[in-house]
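Okay, so the sequence shown: first residue is 104 according to my numbering, each after it adds one. Idealized CB from N, CA, C, for every residue including glycine.
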Amino acid sequence: MSSPASEINKMSELTPCKTMRGHTNYVFGVAHLPDGQRTITCSGDGSLRLWDLESGAQIGDDWRDEGDDAPVWTMSLSPNGKTVASGSNDGTVRLWDVGTRRVVVKWKEHTQAVESVCWSPNGEQVVSGSFDGTVRVWDVKSGEPIQGLNPIVTGHQHVNAVSYSPEATMIATCGRDGIRIWDAETGKWLSTIKLHLPVWSLTWTSNEKLVSGSRNGSIRIFNTATWEQSVVLEGHTQGVKSITLLQNDRLLASTSWDGTARLWNLDTYLQVGSPLQHEKDVQCAAFSADGKLLSTGCEDENAYVWDIQDILKAAGLEDLMSIPDAQKSELKKNSTSDANAKRCPAIANCPPTRQVSSGFFDKVQDSSAVRHHRLISPSFL
């Protein structure tokens, strides 16, 4: 039986189990395919790439749209895992067939960079948010924009993220001025959440709680019945670029300009383990379908794979990987019901974030020191 000290050391020495090298610019997006064996990434180098999880090697050639090398800011995998939607710096939204690795549909209605794309839960629509301040909704089957929904002029100077609610009744958008909620069928404005700080990322829990990541490093959970903030997660020291949930809604991963990805226990709203340290700012993250792995994309041009099962085991939290169906509905009912915001400590079951090992972590840089070198993505402004 290991001692608490040995568990702390194990958690302090977290390193990726695989590194995927090949991109020549920042990795802005990552997605796990349902087979559990492959991931897809997108990059500022204008390509999407397919990777083997076991070896970390690239599979086949780069995915490129012929004659176009515009940086790819964002990507999203369809619910059936067969199609990838991507958004580029030139304002184009593309659909890629995963089997053929070719573009099957191309939309060019946005006038500036596409910063976020999201599939509807049934896979029939794609919504895109742009630096031009608009949201557009596309019919995947017909390849045409949906009448009456295009464009939705959001009022945001720039749309940093866009996300369908689980029942596809609402679309959430965010920008420098906070969050706005829209009727997904009519495009009608429903509500505004003013936060007085830029919001960079959004996601929904399966019971339609809204989760946001902000420029000041905070993660906030909102009760959508009242649109009141119910929980604040604190730990990141710079902006939260992406947030993603495990399918059971019990574990959240966030990535940040502070050079870390972090895991959060949504039963307790406490951080799990030490931060997952990267050499530069972390742009994106995605869980594997079984929740055992987390892939992250970094400004050092690499993607990394982390063994989440080992991290949870070291923290004594393996049960976060799954939950009985009978308990799941009750958890969803109660998880964020407190209307008074809970300001949560950053760390649970882990050592101070300064306790990291030599080697990989010694290369960590202060992201502010390299800020002026970055390839500017719209939401960074």
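Beta-bridge pairing of residue i - partner residues as DSSP gives them
i: Val-220; result: Ser-231
i: Arg-239; result: Ser-231
i: Thr-177; result: Gly-190
i: Glu-157; result: DSSP, once it has assigned bridges, lists no residue as partnering Glu-157.
i: Cys-277; result: Ala-264 and Ile-282
i: Gly-132; result: Cys-145
i: Met-123; result: Ala-406
i: Ile-414; result: Looking at the DSSP assignment, Ile-414 forms no beta bridge with any residue, so it has no partner.
i: Asp-171; result: Asp-168
i: Leu-151; result: Cys-145 and Trp-166
i: Lys-211; result: DSSP output for Lys-211 lists no bridge partner at all.
Cβ separation of residue i and residue j, assumed to be a contact under 8 Å, to the nearest whole Å
i: Val-130; j: Ala-406; result: 5 Å
i: Gly-394; j: Leu-366; result: So it is not a contact: roughly 11 Å between Cβ atoms.
i: Trp-222; j: Ser-179; result: 6 Å
i: Ala-356; j: Val-385; result: Between Val-385 and Ala-356 the Cβ distance is about 10 Å, and since that is not below 8 Å, they are no contact.
Cβ neighbours of residue i in the same chain (closer than 6 Å, five flanking residues each side left out)
i: Ala-264; result: Ser-219, Cys-277, Ser-304 and Leu-305
i: Lys-121; result: Gly-159 and Val-408
i: Asp-361; result: His-339, Thr-340 and Gln-341
i: Ala-287; result: Ala-271, Thr-272, Met-273 and Ile-274
Best match in the options for proximity to residue i [C-alpha to C-alpha]
i: Asn-128; options: Cys-145, Gln-140 and Lys-121; result: Cys-145
i: Asp-235; options: Gln-341, Glu-212, Asp-148 and Trp-222; result: Glu-212
i: Thr-329; options: Thr-272, Lys-185, Ser-294 and Asn-351; result: Ser-294
i: Asp-280; options: His-259, Pro-254, Ile-346 and Val-240; result: His-259
i: Asn-310; options: Lys-291, Ile-274, Ser-321 and Glu-270; result: Glu-270
i: Ile-346; options: Ser-333, Gln-332, Thr-327 and Leu-369; result: Leu-369
i: Val-256; options: Thr-214, Ser-245 and Glu-227; result: Thr-214
i: Glu-227; options: Ala-216, Ser-233, Val-217 and Trp-241; result: Trp-241
i: Val-187; options: Val-335, Asp-193, Thr-195 and Arg-204; result: Arg-204
i: Lys-185; options: Asp-168, Ser-317, Val-201 and Lys-344; result: Val-201
i: Gly-147; options: Ser-191, Gly-139, Leu-117 and Gly-163; result: Ser-191
i: Gly-170; options: Ser-317, Thr-289 and Gly-149; result: Gly-149
Where the beta strand (DSSP E) through residue i begins and ends
i: Asp-410; result: 406-410
i: Val-201; result: First-last for Val-201: undefined, no H or E at that position.
i: Ser-357; result: 354-359
i: Lys-244; result: It is not in any beta strand (DSSP E) - Lys-244 carries neither H nor E in the DSSP assignment.
i: Asn-326; result: 322-326
i: Arg-365; result: 363-368
i: Thr-399; result: 396-401
i: Trp-292; result: 292-296
i: Leu-313; result: 313-317
i: Gln-374; result: 373-380
i: Lys-185; result: Element bounds for Lys-185: n/a, residue is neither H nor E.
i: Ala-389; result: 385-390
i: Ser-425; result: Looking at the DSSP string, Ser-425 is not in any beta strand (DSSP E), and its letter there is neither H nor E.
i: Thr-347; result: 343-348
i: Leu-117; result: Segment: none, Leu-117 is in no beta strand (DSSP E) and carries neither H nor E.
i: Thr-289; result: Note, Thr-289: premise wrong, no beta strand (DSSP E); not H, not E.
Close Cβ partners of residue i (< 7 Å) along its chain, the five nearest in sequence each way excluded
i: Ile-296; result: Gly-281, Ile-282, Phe-325 and Trp-330
i: Asp-172; result: Gly-149
Neighbourhood of residue i by C-beta distance below 8 Å, restricted to the same chain and skipping five residues each side
i: Ser-321; result: Val-335, Leu-336, Glu-337, His-339 and Val-343
i: Pro-455; result: Unreliable positioning characterises Pro-455 in this predicted model, as indicated by a pLDDT of 31, which lies under 50. The coordinate reading is nonetheless provided below. Excluding residues within five positions, none has a Cβ falling inside 8 Å.
Cβ-heavy atom distance, residue i to the ligand PLP, below 7 Å
i: Leu-379; result: This structure lacks the ligand PLP, and indeed carries no ligand of any kind.
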